[in-house]
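What follows is a single structure, written as structure tokens, with notes after it.
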Amino acid sequence: MCNGQFSHAARKTPSSGDYRVQDELGGIITAMDQPSAEMLELARASLAICPETPIYARVDMI
């Protein structure tokens, strides 16, 4: 999120039988064209509770 607007998203998937998502450990990182409306709503709601508006923020979801 950048100035409250969606910037970009990635999906990180672990290799079979593992929980780690780093590519050097076999994880796969793929770009997401557009997150769902629910994901964007959750990201914005998460930022709304910050005492000050951040210029940029990383919002992770599981």
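Under this note's numbering, the first residue of the sequence shown is numbered -8, with each subsequent residue one higher. Virtual Cβ for every residue (Gly too), placed ideally from N, Cα, C.
For residue i, which of helix, strand or coil comes out of DSSP?
i, result
"A1", "strand"
"M23", "strand"
"S37", "helix"
Taking the DSSP output, what are the residues bridged to residue i?
i, result
"C(-7)", "Q(-4), Y47"
message: I'd like to know if the region 42 to 50 and the region 11 to 23 are in contact, where contact means that at least 3 CB-CB pairs between them fall below 8 Å.
response: At 8 Å Cβ cutoff, the stretches do not touch.
message: Whether or not the region 26 to 41 and the region -8 to 12 are in contact is what I'm after, with contact meaning three or more pairs of Cβ atoms, one per stretch, closer than 8 Å; do they touch?
response: In the pairwise beta carbon analysis, the region -8 to 12 is classified as touching the region 26 to 41: at least three pairs are separated by under 8 Å.
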